[in-house]
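Report on one structure; see the data block that follows.
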Amino acid sequence: MSGQEQIRSNRKDGADPVDPVDPPVAGQAQQQVNTEAVDSILDDIDTVLESNAEEFVRNFVQKGGQ
Amino acid sequence: MKRIFGIETEYGIAFTQGEQRRLGPEEIARFLFRPVVDWGRSSNVFLPNGARLYLDVGSHPEYATAECDALPDLIAQDAAGDVLMTDLLARAQQALEADGLDGRAHLVKNNTDSAGNSYGAHENFLVRRTMDFTHLTSVLLPFLVTRQLLVGAGAIIPQGIAADLRPAESNRAIPHGAQTTAPPRPGGLVYGLSSRSDVMWEGVSSATTRSRPIINARDEPHADAEKYRRLHVIVGDSSMAQTTTELKVGSAALVLDLIETGVPIEDLSLQNPIRDIRAVARDLTGQHRLTLASGRSLTVIELLGIYLEHAARVVDAGDHCLGDDDSAARVIDLWTRMLQAVESGDLSAVDTEIDWVIKKKLVDRYLQRSEAGLADPRIARLDFAFHDLTPETGMFPKLQAAGLARRVCTPEEVSSAVENPPATTRAAIRGRFVAAAHEAGRDFTVDWVHLRLNDQMQRAVVLRDPFASENEQAEALIAGLDRPPSPYSA
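Going line by line, the protein sequences match chains X and R.
Sequence positions in the first sequence follow UniProt numbering and run 1 to 66.
Sequence positions in the second sequence follow UniProt numbering and run 1 to 490.
In structure tokens form, the structure reads like this:
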């Protein structure tokens, strides 16, 4: 894990530096694409939510921090 | 103008039970920190990237980024913390299985557990000692009360605001979900901006957990105390989207800039900031009316618009502290678009950039699909999954991959930040020392300001200037690491 010899990459790298790395999806299809993508992610997590939500939530208790 | 900033993140520990016994957070924390203790013989270490990694009050793993003087460095260093935690989590899971334990450990980058216990994401900003601290906090406070509209994490919170604003249970927010141990409040649940707002009890004070303030006034500069002090902001939410982190820290830093560069700004002090912070958290429209100490009345959008106008001028004048003009332009741009989006009621222009908007889209869609209510445990579980770093049950990497959560730095920049400190601050020296001393097998002691070899304790190198990335004594100490200590070094 030695960090001695490496130099950090220049933050000015990149074609269009004002935009974040992931450009927004353009066009009228955006909303549709969005909903499909959201549905796909919710489908992925559905098993987790259906299987143990109550048990998980009830037990996620920890002392507070700052 | 130059400034040092950093972020401290406390992570929550959760567990999905298997066939066998349930593991508590303390036990999971021990598994998590096993590789840390193996590496540094302590559960409180500084890393080669200059950051501090430790186990905080309440068994919360905490990662404090190295000092950064440029916002892109901070975003990368903060994201590196998530990578380190995810790695520790994977190793803990293997160790659990090797010990014959089933079930799954989780690290949750949020700010509230199911019982409403709160833990923080603290922002640190270096400010000049010459600045009148009371003036500084009085200008900053109304901004911090309302900033949650720009960068809140989103939370399911009770609609009603507790009438009693005394900090009787100040470390406890009112939880969502059915398994509440806190007294119920009338009015049901709403989707709000931040759960952190309900555990804030003062504007500025030196308390942290008992009567938690928005700004912690504890004066620990970790630098030349005659020149600097550290402003410790503890009201913020942990952010998942890098664009949210960028706006959260960038906007606050710009407000500090306008104060420190002496931009004249009208008195925007609020008559009742603690009452307001709770009301703002429950208003997604930005139309909540704030009563100023002057008697003037402004909506949240109007107030944030005044700060934006001043901040934009600081950026135009090239006088900002963000260390990178593109970042500054992005902060102003997203701040502007966020206020426009909230005002118009159409959040689609920011729904891949701001945590509370991204999460709201998921919650809304889930409610639509499942006909569950906000109090359904599945909604609480969904909220946790948004913040969960566990690869199988966490959603955020998937949101990023699907383009539903935008990034500011590349995965390569984040990987680099796991290994390497920011190049332009004191952290570069600390990182070099830690890496080299570890490589040489030498015992050392490090904090934010000092570097020491344990067999030469009297020769501590003191790094009082956080802006200096080079130091002759430190270089000599590093250069001498391979040599055994001189008998004359005393």
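Even glycine gets a Cβ: it sits at the ideal position worked out from N, Cα and C.
> Can you give the beta carbon distance from Leu-107 of chain R to Met-85 of chain R, rounded, assuming they're within the 8 angstroms contact cut?
Replying inline: 5 angstroms
>> DSSP three-state label for Lys-12 of chain X, please.
In response: Caution is warranted here: a pLDDT of 38 is assigned to Lys-12 of chain X, below 50, making its placement in the model unreliable, and no coordinate value can be reported.
> Which chain R residues are close to Gln-31 of chain X, counting only those with a beta carbon under 9 angstroms from its beta carbon?
Replying inline: Ser-348
> According to DSSP, what are the bridge partners of Leu-292 of chain R?
Replying inline: R:Leu-270
>> Using 8 angstroms for Cβ pairs, my map puts Gly-152 of chain R next to Leu-96 of chain R. What's the rounded Cβ distance?
In response: Between Leu-96 of chain R and Gly-152 of chain R the Cβ distance is about 34 angstroms, and since that is not below 8 angstroms, they are no contact.
> Residues of chain X with a CB under 8 angstroms from the CB of Gln-93 of chain R: which are they?
Replying inline: Residues of chain X passing the Cβ test: none, with the nearest at roughly 16 angstroms.
> By how many angstroms is the C-alpha of Arg-289 of chain R removed from the C-alpha of Tyr-119 of chain R?
Replying inline: 29 angstroms
> Should Thr-425 of chain R be labelled buried (16 or more other beta-carbon atoms within 10 Å of its own) or exposed?
Replying inline: buried
>> Tell me which residue opens and which closes the alpha helix (DSSP H) that Ser-297 of chain R is part of.
In response: First-last for Ser-297 of chain R: 297 to 299, but that is the beta strand (DSSP E), not the alpha helix (DSSP H).
>> So Leu-404 of chain R contacts chain X; which residues on that side make the cut at Cβ distance below 9 angstroms?
In response: Asn-34, Ala-37, Val-38, Ile-41
> What's the call for Met-457 of chain R, buried or exposed, on a 16-neighbour Cβ count within 10 Å?
Replying inline: exposed
>> What would DSSP say about His-122 of chain R, mapped onto helix, strand or coil?
In response: strand
> Just how far apart, CA to CA, sit Gly-323 of chain R and His-60 of chain R?
Replying inline: 31 angstroms
> At a CB-CB cut-off below 7 angstroms, which residues of chain X make contact with Tyr-366 of chain R?
Replying inline: Leu-42
> Among the residues of its own chain, which have a CB less than 8 angstroms from the CB of Gly-305 of chain R, if the five just before and after it don't count?
Replying inline: Leu-339
>> Closest to Ile-214 of chain R by C-alpha separation, out of R:Asp-276, R:Leu-247, R:Pro-158, R:Glu-246, would be which residue?
In response: R:Asp-276
>> DSSP has Val-461 of chain R in a bridge; who is on the other side?
In response: R:Leu-451
> Hey, Ala-92 of chain R and Ile-161 of chain R are a contact pair by Cβ (cut 8 angstroms); roughly how many whole angstroms apart?
Replying inline: No, Ala-92 of chain R and Ile-161 of chain R are not in contact; Cβ-Cβ is about 39 angstroms, not under 8 angstroms.
>> Taking 7 angstroms as the limit between beta carbons, can you name the residues of its chain near Ala-51 of chain R, skipping five residues before and five after?
In response: Tyr-63, Ala-64, Thr-65, Ala-66, Gln-77, Gly-81
> Does the Cβ of Pro-466 of chain R have 16 or more other Cβ atoms within 10 Å, making it buried, or fewer, making it exposed?
Replying inline: buried
> Is Met-240 of chain R closer than 8 angstroms to Ala-405 of chain R when the C-beta atoms are compared?
Replying inline: yes
>> Assuming Ala-253 of chain R and Val-233 of chain R are in contact, meaning their beta carbons sit under 8 angstroms apart, how far apart are those beta carbons, in whole angstroms?
In response: Going by Cβ atoms, the distance from Ala-253 of chain R to Val-233 of chain R rounds to 10 angstroms, so no, they are not a contact pair.
> Among all the DSSP beta bridges, which residues are the ones paired with Val-446 of chain R?
Replying inline: R:Leu-451
> Can a CB atom of chain X be found closer than 8 angstroms to the CB of Phe-384 of chain R?
Replying inline: yes
>> Can you tell me which residues form a DSSP beta bridge with Cys-68 of chain R?
In response: R:Phe-5
>> Can you look up Val-48 of chain X in the DSSP assignment and give me helix, strand or coil?
In response: helix
>> Tell me which residues share the same chain as Val-37 of chain R and place their Cβ nearer than 6 angstroms to its Cβ, disregarding the 5 neighbours each side in the sequence.
In response: Ser-43
> Interface residues of chain X around Leu-399 of chain R at Cβ under 8 angstroms?
Replying inline: Ile-41
> Are the Cβ atoms of Ser-138 of chain R and Ser-269 of chain R separated by less than 8 angstroms?
Replying inline: yes
>> Looking at Gly-103 of chain R: is its Cβ nearer than 8 angstroms to the Cβ of Gln-20 of chain R?
In response: yes
> Quick one: is His-222 of chain R buried, meaning 16 or more other Cβ sit within 10 Å of its Cβ, or exposed?
Replying inline: buried
> Quick one: is Pro-264 of chain R buried, meaning 16 or more other Cβ sit within 10 Å of its Cβ, or exposed?
Replying inline: exposed
> Roughly how many angstroms lie between the CA atoms of residue 531 of chain R and Phe-386 of chain R, to the nearest whole one?
Replying inline: Since the first and last residues shown for chain R are 1 and 490, residue 531 of chain R lies out of range.
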